[in-house]
Amino acid sequence: QVGSFLILKGNFFIVSATLGLTTIASYGLTLQIFGLLSAVSATIFLLQTPQINKLQIQEDIEGIKHLYILSKALSLICFIIGSVFIIFWGNECLQLLKSKTNLIDLWWLVILAIILTLELNHSLAATYLTTLNKTPFLIPSILSGISVLILSILSVIYSEPNLGILILIQGLVQLTYNNW
């Protein structure tokens with residue numbers, strides 16, 4: 001949980017300390033919306049976890065494989081469809097709600113959606129691994145979270161603070177190990 005928090009929310013503290021209120025509001029709102037979408041999408045998979053545990057006990061590898069692939073695919077499809085909706089119509093929906101805050105800029109929104117899709121994918125895989133009573137992702141998750149935080153701090157110290165760079169740091173750190 002600590003690693004996940006640092007990876008997904010660590011940059012928010014840096015954005016809050018270095019970028020303007022408009023950027024903070026946009027980034028925070030964007031993260032909240034994607035967080036809700038991720039939680040709803042993951043629920044499809046998480047509801048199958050007790051059945052996967054049962055199949056683990058029964059050593060039904062084919063049943064596990066089928067349930068894992070189906071529920072993971074449905075979760076990812078749900079997230080991708082939701083992401084496309086957010087990208088194309090998110091700001092319009094916010095205007096209908098009379099929000100004074102918009103989502104982050106379009107291209108960074110697309111990149112963040114891709115990063116968070118990969119995040120959801122490996123998060124679901126990690127959830128599956130817990131059904132085997134294994135957590136090989138513990139140390140990498142914590143190290144990745146610390147790396148995101150350190151690299152983000154260094155980026156605002158040694159360059160002009162930029163939301164896009166902070167988003168890229170999160171994605172690139174995750175691509176080095178956890179997304180695989």
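If you count the sequence shown from 1, position 58 lands on 58 in the working numbering, and the numbers rise without skipping. Ideal Cβ placement from N, Cα and C applies to all residues, glycine included.
In this structure, DSSP gives Glu-62 a helical state, which the three-state scheme calls helix.
The alpha-carbon separation between Ile-111 and Ile-44 amounts to approximately 24 Å. Of the residues Trp-107, Leu-96, Ala-125 and Val-148, the one whose Cα lies closest to the Cα of Leu-8 is Val-148. In this structure, the beta-carbon distance from Leu-166 to Asn-11 falls below 8 Å. For Gln-56, the uninterrupted alpha helix (DSSP H) segment begins and ends at 49 to 57. Rounded to the nearest angstrom, the gap between the Cα atoms of Lys-98 and Ile-24 is 18 Å. Rounded to the nearest angstrom, the Cβ distance from Pro-136 to Leu-143 is 13 Å, too far for a contact under 8 Å. In the pairwise beta carbon analysis, the segment 49 to 60 is classified as not touching the segment 82 to 102: fewer than three pairs are separated by under 8 Å. In this structure, DSSP gives Trp-180 a state outside helix and strand, which the three-state scheme calls coil. For Leu-118, same chain residues with a beta-carbon under 7 Å away, outside a window of 5 residues either side, are Gln-174 and Asn-179 in chain order.
In this structure Gly-145 is buried. Its beta-carbon is surrounded by 16 or more other beta-carbon atoms within 10 angstroms. For Leu-8, the secondary structure class from DSSP, reduced to helix, strand or coil, is helix. When Val-156, Pro-161, Asn-162 and Ser-152 are compared, the shortest CA-CA separation from Leu-172 is found for Ser-152.
Assigned with DSSP and collapsed to three states, Thr-18 falls in helix. Distance check between Tyr-27 and each of Val-15, Trp-107 and Val-156 places Val-15 closest, using alpha-carbon atoms only.
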